[in-house]
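When we follow this note's numbering, the leftmost residue of the sequence shown carries the number -19, and every step to the right adds one. Every residue, glycine too, gets a C-beta built ideally from N, C-alpha and C. Keep in mind the model is a prediction, meaning the values are calculated, not measured.
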Amino acid sequence: MADISDRLLKCTVNKGMFSDEVAVTVTRLDGGKESFFVPRETLVEGDRGLLRVKVRQDTAATMIASIPSGDPSSVLAVRSEDLE
-19 MADISDRLLK
-9 CTVNKGMFSD
1 EVAVTVTRLD
11 GGKESFFVPR
21 ETLVEGDRGL
31 LRVKVRQDTA
41 ATMIASIPSG
51 DPSSVLAVRS
61 EDLE
């Protein structure tokens, strides 16, 4: 079984529908964009958006990120260069 690690995923941040959430847009492995509402506390504040995610390496080139978008979380293949 692949190791799971806590990482930061680059994202664009926008205002959410409620005060305790934000809307984030992340880049998928195929270069497309995907948007999610996530709890505000999962975001690292700064000059660029960084979202706390759980990541596992699926293949040598594919990273699978668990986006904290609710229960259950959403799972997305992301580019390794978008992770810190």
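DSSP three-state assignment for Asp62, whether helix, strand or coil: Helix at Asp62.
Can you tell me whether Glu21 is helix, strand or coil according to DSSP? It is helical.
Roughly how far, in whole angstroms, is the beta-carbon of Lys(-5) from the beta-carbon of Ala3, given that I think they are within contact range, below 8 Å? With a Cβ gap of about 7 Å, Lys(-5) and Ala3 count as contacting.
Could you tell me the distance, in whole angstroms, from the CA atom of Glu25 to the CA atom of Gly50? Each residue's alpha carbon lies about 20 Å from the other.
Cβ atoms of Thr22 and Pro48: under 7 Å apart, would you say? Taking C-beta atoms as the reference points, Pro48 and Thr22 count as a pair closer than 7 Å.
Spell out the partners DSSP gives Ala57 in its beta bridges. When DSSP reads this structure, Ala57 sits in a beta bridge with Ile44.
Under 7 Å between C-beta atoms of Glu1 and Phe17: Cβ atoms of Glu1 and Phe17: closer than 7 Å.
Rounded to whole angstroms, how far is the Cβ of Thr7 from the Cβ of Arg59, which I believe are closer than 8 Å? Right, their Cβ atoms sit about 6 Å apart.
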